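Data block below; observations after.
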Amino acid sequence: MRHQDLHILSVGEYKYNSDDRITVSLNEERQEWRLVIERVTLKDAGMYQCQVATKPVLSFVVNLEVVGE
Numbered sequence: 016m017r018h019q020d021l022h023i024l025s026v027g028e029y030k031y032n033s034d035d036r037i038t039v040s041l042n043e044e045r046q047e048w049r050l051v052i053e054r055v056t057l058k059d060a061g062m063y064q065c066q067v068a069t070k071p072v073l074s075f076v077v078n079l080e081v082v083g084e
């Protein structure tokens with residue numbers, strides 16, 4: 016989820032946006048999800064949150080800082 020507009024980017028590997036720069040994948044061996052944004056722009060900067068639907072909910076927030084033009 017992108018915090019600035021509360022936009023859900025994906026649930027599992029199902030994408031909720033049409034931006035072809037964004038992909039989500041699961042490394043099953045490491046049990047690790049990866050969000051990749053290609054051709055990053057200044058508009059992509061901000062807080063992103065990953066949530067796992069457990070009880071209690073697990074979440075991890077990262078701040079993406081874009082430097083340059």
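Here the sequence shown stands for residues 16 to 84, where the numbers follow the working numbering.
By construction, the Cβ of each residue, glycine as well, lies at the ideal position given by its N, Cα and C atoms.
The structure presented is a predicted model; accordingly, all values stated were derived computationally and were not measured.
Collapsed DSSP secondary structure at residue i in the structure displayed
i, result
"K30", "strand"
"L41", "strand"
Opening and closing residue of the beta strand (DSSP E) in which residue i lies
i, result
"G61", "61–67"
"R49", "47–52"
"V76", "73–79"
CA-to-CA distance, residue j to residue i, given in whole angstroms
i, j, result
"N42", "G27", "12 Å"
"V82", "V39", "23 Å"
"L2", "I52", "Since the first and last residues shown for the chain are 16 and 84, residue 2 lies out of range."
"Q46", "R17", "22 Å"
"D20", "E44", "32 Å"
"S33", "K70", "30 Å"
Nearest-angstrom Cβ-Cβ length linking residue i and residue j, presumed shorter than 8 Å
i, j, result
"L50", "L24", "7 Å"
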